[in-house]
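When we follow this note's numbering, the leftmost residue of the sequence shown carries the number 61, and every step to the right adds one.
Yeah, the Cβ is synthetic: ideal placement off N, Cα and C, and Gly gets one too.
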Amino acid sequence: MQTRRAMRFLLTYSLLGMVAAAVIIWFFPGVLGLPGEPLRTITVQQAPETAAGEDGQPVREQGPASYADAVDAAAPAVVNIFTATRVARGEHSMYDDPLFREFFGDRDQDEEQTDTNLGSGVIVSDSGFILTSNHIVEGADAIQVSLNDGRAVEAQVVGTDPETDLAVLAIDMDDLPVITLGRSEELRVGDVVLAIGNPFGVGQTVTQGIVSATGRSRLGLTTFENFIQTDAAINPGNSGGALINAHGELVGINTAIFSRSGGSHGIGFAIPAVLAQGVMESIIEEGRVIRGWAGVEVQDITRSLAESFELDSRDGVLIAGIMRDGPADAAGLRPGDIVLSVDGEELRNSQDLLMRITERSPETTVSIVVLRDGEAFEQELTVQERPTAGELRRQ
């Protein structure tokens, strides 16, 4: 009896083993080297081995231990700007309150008071030209510039460009320190940058960070947006100051921050030096910034618009309106047309079209590809000089 039970036990588990082996061979033939699907392998990209130094330890690349040389090269050319604006006090019901008059005395309701503002600027020429932010000097009755070496002098406004929030000042002073302009168009995300300015009026201050993004637009800060985004701390008073690279070269003019509290949250924006240089040269040479203009109101193509126009992609710009007697009107364009490219350069959004047109000189003829009723055709458009922001609002 016991022998029979032992035999039954062995046969049962032998059969189970054979079934299990058959299942493994069926689903995983590679285990026994049989033909079938190959075993899965994982390929990863391994970093090369780090070279060893004389002490046998790995030699690792490092950035400079200090950016003092870069700051020494740039900081003397960064100035503090103080502005004063006279404003009428205006009428207020408190002036008629006897208790108010008892404590503060009789006051003329038309008496003027002075508002002050604080910012920064950058000396870019030994002729005394300074780049700064327009919102610092806009409407100012008096402007004083204070240099890092302690000298102070009054400044005059050469010209302003509200559409980029830039202004050019001029001072008359000898032996001026001048900053070196860097190639902002070559900046890469991750590059080290330093912001120099006068935050909260505490005195010249340097903060360090990296380039967080380039080509930031559609933020609603200015008409023409192509900002450098950085996490280098930018606070009130830094506006108009310098954003420099690790070599002490100017790569941007600090202009704005994204903040819910008024302080730095690590999201700051600077106008690229290449854009600021073009605006400055136009103001100095022409007295104003000269830009091209097509005379259209445009909007980006949303997903719903792409579906309604039966478009395969959202590339291009929809013409929402045409200025009467403007360049687009003369070229025969219509609301509802979609502009696909300008001089062979494809458009992704309305900012692309704005930049392509404004960088052309007035009376320049450009070739645009237009999509109308599902048919694409090429059309020439002669660019005119862009009116000022005030003139555009009145149209």
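Residue i to residue j span [Cα, whole Å]
{"i": "residue 416", "j": "residue 397", "result": "18 Å"}
{"i": "residue 446", "j": "residue 343", "result": "15 Å"}
{"i": "residue 130", "j": "residue 410", "result": "38 Å"}
{"i": "residue 442", "j": "residue 408", "result": "22 Å"}
{"i": "residue 327", "j": "residue 301", "result": "16 Å"}
{"i": "residue 211", "j": "residue 250", "result": "36 Å"}
{"i": "residue 239", "j": "residue 140", "result": "15 Å"}
{"i": "residue 263", "j": "residue 245", "result": "30 Å"}
{"i": "residue 353", "j": "residue 108", "result": "53 Å"}
{"i": "residue 428", "j": "residue 255", "result": "40 Å"}
{"i": "residue 229", "j": "residue 348", "result": "13 Å"}
{"i": "residue 180", "j": "residue 405", "result": "37 Å"}
{"i": "residue 440", "j": "residue 279", "result": "31 Å"}
{"i": "residue 287", "j": "residue 420", "result": "20 Å"}
{"i": "residue 267", "j": "residue 217", "result": "28 Å"}
{"i": "residue 175", "j": "residue 295", "result": "20 Å"}
{"i": "residue 215", "j": "residue 199", "result": "14 Å"}
{"i": "residue 382", "j": "residue 426", "result": "17 Å"}
{"i": "residue 448", "j": "residue 310", "result": "28 Å"}
{"i": "residue 340", "j": "residue 413", "result": "23 Å"}
{"i": "residue 277", "j": "residue 358", "result": "15 Å"}
{"i": "residue 334", "j": "residue 227", "result": "15 Å"}
{"i": "residue 293", "j": "residue 271", "result": "12 Å"}
{"i": "residue 160", "j": "residue 265", "result": "Reliability of the predicted coordinates at residue 160 is poor, the pLDDT of 49 falling under 50, and the value obtained from them is presented with this limitation in mind. Residue 160 and residue 265: Cα-Cα distance of roughly 42 Å."}
{"i": "residue 361", "j": "residue 203", "result": "44 Å"}
{"i": "residue 337", "j": "residue 114", "result": "48 Å"}
{"i": "residue 298", "j": "residue 316", "result": "9 Å"}
{"i": "residue 243", "j": "residue 363", "result": "37 Å"}
{"i": "residue 346", "j": "residue 432", "result": "39 Å"}
Beta carbon of residue i nearer than 8 Å to that of residue j
{"i": "residue 386", "j": "residue 314", "result": "no"}
{"i": "residue 208", "j": "residue 259", "result": "no"}
{"i": "residue 138", "j": "residue 182", "result": "yes"}
{"i": "residue 308", "j": "residue 133", "result": "yes"}
{"i": "residue 418", "j": "residue 284", "result": "yes"}
{"i": "residue 303", "j": "residue 290", "result": "yes"}
{"i": "residue 194", "j": "residue 237", "result": "no"}
{"i": "residue 253", "j": "residue 275", "result": "no"}
{"i": "residue 241", "j": "residue 184", "result": "yes"}
{"i": "residue 144", "j": "residue 201", "result": "yes"}
{"i": "residue 355", "j": "residue 389", "result": "yes"}
{"i": "residue 127", "j": "residue 306", "result": "yes"}
{"i": "residue 430", "j": "residue 371", "result": "no"}
{"i": "residue 365", "j": "residue 261", "result": "no"}
{"i": "residue 232", "j": "residue 205", "result": "no"}
Burial state of residue i, where buried means 16 or more other Cβ atoms lie within 10 Å
{"i": "residue 225", "result": "buried"}
{"i": "residue 220", "result": "buried"}
{"i": "residue 189", "result": "buried"}
{"i": "residue 401", "result": "buried"}
{"i": "residue 332", "result": "buried"}
{"i": "residue 437", "result": "exposed"}
{"i": "residue 78", "result": "exposed"}
{"i": "residue 17", "result": "Any answer about residue 17 is impossible in this case: the structure gives the chain only from 61 up to 455."}
{"i": "residue 373", "result": "exposed"}
{"i": "residue 444", "result": "buried"}
{"i": "residue 368", "result": "exposed"}
{"i": "residue 384", "result": "exposed"}
{"i": "residue 351", "result": "buried"}
{"i": "residue 330", "result": "buried"}
{"i": "residue 273", "result": "exposed"}
{"i": "residue 125", "result": "exposed"}
{"i": "residue 163", "result": "Low local confidence applies: a pLDDT of 48 at residue 163 is under 50, so the model's placement there is unreliable, with the coordinate-based value given in what follows. By the 10 Å Cβ count, residue 163 comes out exposed."}
For residue i, the residue or residues it bridges with in DSSP
{"i": "residue 302", "result": "256, 313"}
{"i": "residue 283", "result": "Answer is none; residue 283 lacks a bridge partner."}
{"i": "residue 266", "result": "256"}
{"i": "residue 211", "result": "DSSP lists no partner for residue 211."}
{"i": "residue 432", "result": "435"}
{"i": "residue 408", "result": "Bridge partners of residue 408: none, in fact."}
{"i": "residue 379", "result": "358"}
The region 389 to 404 / the region 363 to 381 touching (three or more Cβ pairs under 8 Å): Contact between the region 389 to 404 and the region 363 to 381 is present, because at least three Cβ pairs lie under 8 Å.
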